[in-house]
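A.B. asks:
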Amino acid sequence: MVKNGIILFEYYERLHGSMPVRDALIQAGRIRLRPILMTTLCTLFGLLPLALGIGSGAELQRPLAISVIGGLSVSTLITLVAIPVFYSSVRQAAHAD
4 MVKNGIILFE YYERLHGSMP VRDALIQAGR IRLRPILMTT LCTLFGLLPL
54 ALGIGSGAEL QRPLAISVIG GLSVSTLITL VAIPVFYSSV RQAAHAD
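Counting with this note's numbering, you get residues 4 to 100 for the letters of the sequence shown.
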């Protein structure tokens, strides 16, 4: 989710003025972990009845719900792990020149 990345990096920008890049990313990830997981889990639990096929017409919506749950799970991991690592390595490469 794009919102999760924005939440994480908005807080990182607040911390970056008083901390090194790596420390600011770790602190932002630690503090923003809970809101990111809460928004993701609310969406996942909301789609769970459709993914399980509960309710009328759920068999038509089931593939979509499963796809959204999988995509949201992967994007949350990417937001919390891959993007900060990539950002940190790009910042280090930019300052190494």
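Glycine residues also receive a C-beta, built at the ideal position from the N, C-alpha and C atoms.
Given this structure, state the Cα-to-Cα distance separating valine 24 from tyrosine 15, to the nearest angstrom.
C.D. replies: Taking the straight line from one Cα to the other gives about 8 Å.
A.B. asks: Which class does methionine 41 belong to by DSSP, given the choice of helix, strand or coil?
C.D. replies: Note: methionine 41 maps to helix in three-state DSSP.
A.B. asks: Can you tell me whether DSSP reads glycine 60 as helix, strand or coil?
C.D. replies: The answer is coil: DSSP assigns glycine 60 none of H, G, I, E or B.
A.B. asks: Answer with buried or exposed for alanine 68, where buried requires no fewer than 16 other C-beta atoms within 10 angstroms of its C-beta.
C.D. replies: Under this definition alanine 68 is a buried residue.
A.B. asks: If I'm right that glycine 58 touches proline 52 with Cβ under 8 Å, what's the distance once you round it to whole angstroms?
C.D. replies: About 6 Å separates the two Cβ atoms, so the contact holds.
A.B. asks: Taking the alpha carbon of alanine 31 as the point to measure from, which residue in Gly8, Arg94, Phe89 has its own alpha carbon closest?
C.D. replies: For the residues Gly8, Arg94, Phe89, the minimum Cα distance to alanine 31 belongs to Gly8.
A.B. asks: Would you report the Cα separation of methionine 22 and tyrosine 90, rounded to the nearest angstrom?
C.D. replies: So the alpha carbons of these two residues sit roughly 15 Å apart.
A.B. asks: Which whole-angstrom value describes the C-beta separation of arginine 35 and isoleucine 10, a residue pair presumed to lie in contact below a C-beta threshold of 8 Å?
C.D. replies: 5 Å between Cβ atoms; contact.
A.B. asks: Can you tell me the Cα-Cα spacing of leucine 83 and glycine 56, whole angstroms?
C.D. replies: The alpha-carbon atoms of leucine 83 and glycine 56 are separated by roughly 30 Å.
A.B. asks: Within this structure, are the beta carbons of leucine 40 and leucine 75 separated by less than 8 Å?
C.D. replies: No, these two residues do not count as a Cβ contact at 8 Å.
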